[in-house]
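Enquirer: One structure, pasted below without further comment.
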Amino acid sequence: MKELYDQTKERLKTIEDYLKPNVKIHTIWECEFDQQKYPEVDPHLKPIDKRDAFYGGRTETIQLYNNLSDLKDDPTLNKHDKIHEIKRCKECKNIKNEKCIHSNEERVIVGTWSTIEIDKAIEKGYKLKKIYELEHFEKTSTDIFKLYVDTFMKYKQEASGCKCDPKYCKPDCENDKECKTKIQYIIDNAAYNLDIDKVKHNSGLRFIAKICLNNLWGHFAHARLKLYELLDILQERVLYMDTDSCIYNDDGSEACKKSRKYDGSKLGDLTDEIVSKHNANHIKQFISAGPKDYSMKLDTEKLVSCCKGFRLNAEVEEKITLDKK
Numbered sequence: 001m002k003e004l005y006d007q008t009k010e011r012l013k014t015i016e017d018y019l020k021p022n023v024k025i026h027t028i029w030e031c032e033f034d035q036q037k038y039p040e041v042d043p044h045l046k047p048i049d050k051r052d053a054f055y056g057g058r059t060e061t062i063q064l065y066n067n068l069s070d071l072k073d074d075p076t077l078n079k080h081d082k083i084h085e086i087k088r089c090k091e092c093k094n095i096k097n098e099k100c101i102h103s104n105e106e107r108v109i110v111g112t113w114s115t116i117e118i119d120k121a122i123e124k125g126y127k128l129k130k131i132y133e134l135e136h137f138e139k140t141s142t143d144i145f146k147l148y149v150d151t152f153m154k155y156k157q158e159a160s161g162c163k164c165d166p167k168y169c170k171p172d173c174e175n176d177k178e179c180k181t182k183i184q185y186i187i188d189n190a191a192y193n194l195d196i197d198k199v200k201h202n203s204g205l206r207f208i209a210k211i212c213l214n215n216l217w218g219h220f221a222h223a224r225l226k227l228y229e230l231l232d233i234l235q236e237r238v239l240y241m242d243t244d245s246c247i248y249n250d251d252g253s254e255a256c257k258k259s260r261k262y263d264g265s266k267l268g269d270l271t272d273e274i275v276s277k278h279n280a281n282h283i284k285q286f287i288s289a290g291p292k293d294y295s296m297k298l299d300t301e302k303l304v305s306c307c308k309g310f311r312l313n314a315e316v317e318e319k320i321t322l323d324k325k
């Protein structure tokens, strides 16, 4: 069809070039005739394409700079729950307005979304003006990824050892009471069973299990809605977000206290990476130039940086620092 269209346009151009400048050609397409004949019919839209609704995770810098922030990570994978990017007015988005000054007609967004995202948008006050086309799946399942996730989450948790969570384990912990408490907590709140005899730190096995989990194809609408659940609580305190993580300013407010209900060790819980991964208490400075490009200075003076496209080895880290961002 596209080839035929291109050939028609090419022939039309040849004729116009030949007749110029004495004759001017006016053209009208069949779809324009149809629109005149049936004005109540919407202008032609292409058939629905499922890929138009296939978005990845949400990665965005909300604030370019801030001090004394706190990092939380949400490691939910494709197993639980039903995070939604609710766009502001498209005109405001283009001119970067803080307060919308446009009419409802100017603010209309046309797109392809999954029903759970539409439900969330309606819940937040959006109005569904018109439905052009629906694609309904007669069969649904909540078990597609469960066995896969359970298998590799079990390997990862066991290979993490008992030192992975300071909340439950002492520095010299060797399967003592605190470690068993942690394991029992996970067993009670997860669909997989851990073998307490296999809970031993193994960085190689943990890496393989983590890669297998990360390679699970697709970040679906359920994941975006899970992230949005946290963003909706924290509101303007959010500094940066990634597919499964959020950096925000913990100001001690009720909203921040409310977000702590997501803390824990089971799948879908939040992990404080400042403590568990970097052995610090809080962030002193945060700066970002955009998605996948940020740097943090912790209270231990350690710098944690991410710069898309660069492998941050010792040589690169000397040149790409917080001060130089």
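Note that the sequence shown ends on residue 325 in UniProt numbering; no numbers are left out.
Virtual Cβ for every residue (Gly too), placed ideally from N, Cα, C.
Predicted model only: the values in this text are computed from it and were never measured.
Near Asn9, which residues of its chain fall below 8 angstroms by C-beta distance, leaving aside the five closest residues on each side in sequence?
Expert: Against the sequence shown, residue 9 aligns to sequence position 9. As written in the sequence, residue 9 is Lys, which differs from the Asn given in the question. For Lys9, where only same-chain residues beyond five positions count, there are no Cβ hits under 8 angstroms.
Enquirer: Is the distance from the Cβ of Val238 to the Cβ of Ile15 below 8 angstroms?
Expert: Residue 238 sits at position 238 when you count from the first residue of the sequence shown. Residue 15 sits at position 15 when you count from the first residue of the sequence shown. It is not a contact, given that the beta carbons lie outside the stated cut-off.
Enquirer: By Cβ distance below 8 angstroms, which residues in the same chain neighbour Leu231 in space, the five residues on each side in sequence not counted?
Expert: For the purposes of this step, residue 231 is taken as the residue at position 231 of the sequence shown. These residues qualify, in order along the chain: Ile83, Val238, Met241 and Cys246.
Enquirer: When DSSP labels each residue in this structure, what does Ala280 get in the three-state scheme?
Expert: Here residue 280 refers to the residue found at position 280 of the sequence shown. Coil at Ala280, not helix or strand.
Enquirer: Please report how far the alpha carbon of Thr300 lies from the alpha carbon of Glu317, in whole angstroms.
Expert: Against the sequence shown, residue 300 aligns to sequence position 300. Against the sequence shown, residue 317 aligns to sequence position 317. Between Thr300 and Glu317, the C-alpha separation is close to 17 angstroms.
Enquirer: Less than 8 angstroms between the CB atoms is what I'm expecting for Thr112 and Asp52, so what's the real figure, rounded?
Expert: Here the question's residue 112 lines up with position 112 in the sequence shown. Here the question's residue 52 lines up with position 52 in the sequence shown. Right, their Cβ atoms sit about 4 angstroms apart.
Enquirer: On the three-state DSSP scale, how would you describe Ser259?
Expert: Residue 259 sits at position 259 when you count from the first residue of the sequence shown. Of the three classes helix, strand and coil, the one that applies to Ser259 here is helix, per DSSP.
Enquirer: Does Ile274 pass the burial test, meaning 16 or more other C-beta atoms within 10 Å, or should it be called exposed?
Expert: Counted from its first residue, the sequence shown places residue 274 at position 274. Buried, since its Cβ has 16 or more Cβ neighbours within 10 Å.
Enquirer: Flag this pair as yes or no: are the beta carbons of Ile287 and Tyr55 separated by less than 8 angstroms?
Expert: For this step, residue 287 is matched to residue 287 along the sequence shown. For this step, residue 55 is matched to residue 55 along the sequence shown. For Ile287 and Tyr55, no; Cβs fall outside 8 angstroms.
Enquirer: In whole angstroms, what separates the C-alpha of Leu12 from that of Arg107?
Expert: Numbered from 1 along the sequence shown, position 12 holds the residue referred to as residue 12. Numbered from 1 along the sequence shown, position 107 holds the residue referred to as residue 107. Going by the C-alpha atoms only, they are around 37 angstroms apart.
Enquirer: Pull up the CB-CB distance for Leu213 and Phe145, whole angstroms please, since I reckon it's below 8 angstroms.
Expert: The sequence position of residue 213 within the sequence shown is 213, counting from 1. The sequence position of residue 145 within the sequence shown is 145, counting from 1. Wrong, their Cβ atoms sit about 10 angstroms apart, outside the cutoff.
Enquirer: Just the C-alpha distance for Leu205 and Tyr155, rounded to the nearest angstrom, thanks.
Expert: Position 205 of the sequence shown, counting from 1, holds the residue named residue 205. Position 155 of the sequence shown, counting from 1, holds the residue named residue 155. Roughly 7 angstroms between the two C-alpha positions.
Enquirer: Using the Cα positions of Val23 and Gln7, report the straight-line distance between them to the nearest angstrom.
Expert: The residue labelled residue 23 in the question sits at position 23 within the sequence shown. The residue labelled residue 7 in the question sits at position 7 within the sequence shown. The straight-line gap from Cα to Cα measures roughly 21 angstroms.
Enquirer: Taking Lys200 as the reference, which of Glu229, Ser160, Gln235 and Asp49 has the closest Cα?
Expert: Counting from 1 along the sequence shown, the entry for residue 200 is found at position 200. Among Glu229, Ser160, Gln235 and Asp49, the Cα nearest to that of Lys200 belongs to Ser160.
Enquirer: I need the DSSP call for Gln63, collapsed to helix, strand or coil.
Expert: Position 63 of the sequence shown, counting from 1, holds the residue named residue 63. Note: Gln63 maps to coil in three-state DSSP.
Enquirer: With C-beta atoms as the reference, is Gly57 less than 8 angstroms away from Thr243?
Expert: Working through the sequence shown from its first residue, we reach residue 57 at position 57. Working through the sequence shown from its first residue, we reach residue 243 at position 243. Yes. Within cutoff.
Enquirer: If we count the other Cβ atoms within 10 Å of its Cβ and call it buried at 16 or more, is Glu117 buried or exposed?
Expert: Position 117 of the sequence shown holds residue 117. Glu117 should be labelled buried.
Enquirer: Given that a residue counts as buried once 16 or more other Cβ atoms are within 10 Å of its Cβ, and exposed if not, what is Leu234?
Expert: Along the sequence shown, one-based indexing puts residue 234 at 234. Label assigned to Leu234: buried.
Enquirer: Going by C-alpha to C-alpha distance, which of His26, Lys46 and Cys307 sits closest to Lys2?
Expert: Position 2 of the sequence shown, counted from the first residue, corresponds to residue 2. If we check each option's Cα against that of Lys2, Lys46 comes out closest.
Enquirer: When you compare each of Tyr248, Leu225 and Lys226 to Glu236 by their alpha carbons, which one comes out closest?
Expert: For this step, residue 236 is matched to residue 236 along the sequence shown. For Glu236, the nearest C-alpha among the options comes from Tyr248.
Enquirer: State buried or exposed for Leu267, treating a residue as buried only when at least 16 other CB atoms are found within 10 Å of its CB.
Expert: Here the question's residue 267 lines up with position 267 in the sequence shown. It counts as buried.
Enquirer: Taking only three categories from DSSP, how would you classify Ile208?
Expert: To locate residue 208, count along the sequence shown from 1; it is residue 208. Here Ile208 sits in helix by DSSP.
Enquirer: Looking only at DSSP bridge pairs, what is residue 333 linked to?
Expert: In the structure as shown, the chain starts at 1 and stops at 325, and residue 333 therefore has no counterpart that could be examined.
Enquirer: Rank His222, Asp293 and Gly125 by C-alpha distance to the C-alpha of Gly309 and give the top, closest one.
Expert: As a working note, residue 309 is residue 309 in the sequence shown. It is Asp293 whose Cα lies nearest to the Cα of Gly309.
Enquirer: Tell me, which residues are paired with Met153 by DSSP?
Expert: Counted from its first residue, the sequence shown places residue 153 at position 153. Bridge partners of Met153: none, in fact.
Enquirer: Any heavy atom of the ligand COA closer than 7 angstroms to the Cβ of Ile144?
Expert: Of ligands this structure carries none, so the ligand COA is not represented either.
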